[in-house]
Amino acid sequence: MKPFALLVLVAVISCKKKEYTGKVWFSEPSDKAEVTSPVKFGMQVEGMTVKPAGAIEEGTGHFHILINKEAIAAGQVVINDEFHKHYGKGQTEDTIDLKPGDYRITLQFADGAHVSYGSAWSQTISLKVKAKAAGGEEE
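Numbering (our numbering), first residue to last: 13 to 151.
Structure, rendered in structure tokens:
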């Protein structure tokens, strides 16, 4: 029986997912920025590769922008609604219309099935979206 137990142990160890180290971040805007709408977001990742959603490929994923939402726990699916923007085509930038006010914006990286890699693969920034004056200038 011992050889069988050893075989099972080796199989379990070899099936364990590889741990990746790295980070995601917004290349723009910066934390605590004051901006006007529409807001341009640049998304970056280090330690994994951006790929479109669909195929589950180890070490790859795509971005999600969460508006006034916290990072999604590892293993949880990122829902799709007005507060959870999906970039399943592998996009690395977007422009989002936001009403004037204070926001917490979270960048979340997830696999091809929208399953989150967790808070280690997220970044949250604060933004103040300012109203535009009647002539289109910032107030």
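Beta carbons are placed, not taken as given, at the ideal position from N, Cα and C, and that holds for glycine.
Simplified DSSP state of residue 138, which is helix, strand or coil: As a position in the sequence shown, residue 138 is number 126, starting the count at 1. Three-state result, residue 138: strand.
Neighbour-count burial assignment, residue 144, 16 or more Cβ in a 10 Å radius: For this step, residue 144 is matched to residue 132 along the sequence shown. Exposed, because fewer than 16 other Cβ atoms sit within 10 Å of the Cβ of residue 144.
C-alpha gap between residue 86 and residue 64, whole angstroms: Along the sequence shown, one-based indexing puts residue 86 at 74. Along the sequence shown, one-based indexing puts residue 64 at 52. C-alpha separation (whole angstroms): 19 Å.
Exposure of residue 67, with buried meaning 16 or more beta-carbon neighbours within 10 Å: For the purposes of this step, residue 67 is taken as residue 55 along the sequence shown, with counting starting at 1. Per the 10 Å Cβ criterion, exposed.
Residue 114 versus 88, 142, 123, residue with shortest Cα-Cα distance: As a first step, residue 114 is located in the sequence shown; it is residue number 102 there, counting from the start. Ranking the options by Cα distance to residue 114, first place goes to 142.
Which listed residue (39, 139, 96) has its alpha carbon closest to that of residue 105: Counting from 1 along the sequence shown, the entry for residue 105 is found at position 93. Nearest C-alpha to residue 105: 39.
Residues near residue 37 by beta carbon distance below 6 Å, same chain, minus five either side: For this step, residue 37 is matched to residue 25 along the sequence shown. If we look at residue 37 and ignore the five residues flanking it on each side, its Cβ neighbours are 56, 135.
Helix, strand or coil at residue 25 [DSSP, three-state]: Translated into positions along the sequence shown, residue 25 becomes position 13. Bear in mind that the predicted position of residue 25 carries a pLDDT of just 39, short of 50, making it unreliable; the figure below should be weighed with that in mind. Three-state DSSP puts residue 25 in a helix.
As assigned by DSSP and simplified to three states, the class of residue 132: Taking the sequence shown and counting its residues from 1, one reaches residue 132 at position 120. Note: residue 132 maps to helix in three-state DSSP.
Separation of residue 32 from residue 132, as counted between CA atoms: In the sequence shown, counting from the first residue as 1, residue 132 sits at position 120. In the sequence shown, counting from the first residue as 1, residue 32 sits at position 20. Going from the Cα of residue 132 to the Cα of residue 32 covers about 10 Å.
Beta strand (DSSP E) runs wholly inside the segment 32-101, at least 3 long, in chain order: 35-40, 45-48, 51-58, 72-79, 96-98
Simplified DSSP state of residue 109, which is helix, strand or coil: Within the sequence shown, residue 109 is the residue found at index 97, counting from 1. Looking at residue 109 - three-state DSSP - the assignment turns out to be coil, as it is neither helix nor strand.
Sequence-distant residues of its chain with Cβ nearer than 6 Å to residue 41 (five each side left out): By 1-based counting over the sequence shown, the position of residue 41 is 29. Hits under 6 Å: 47.
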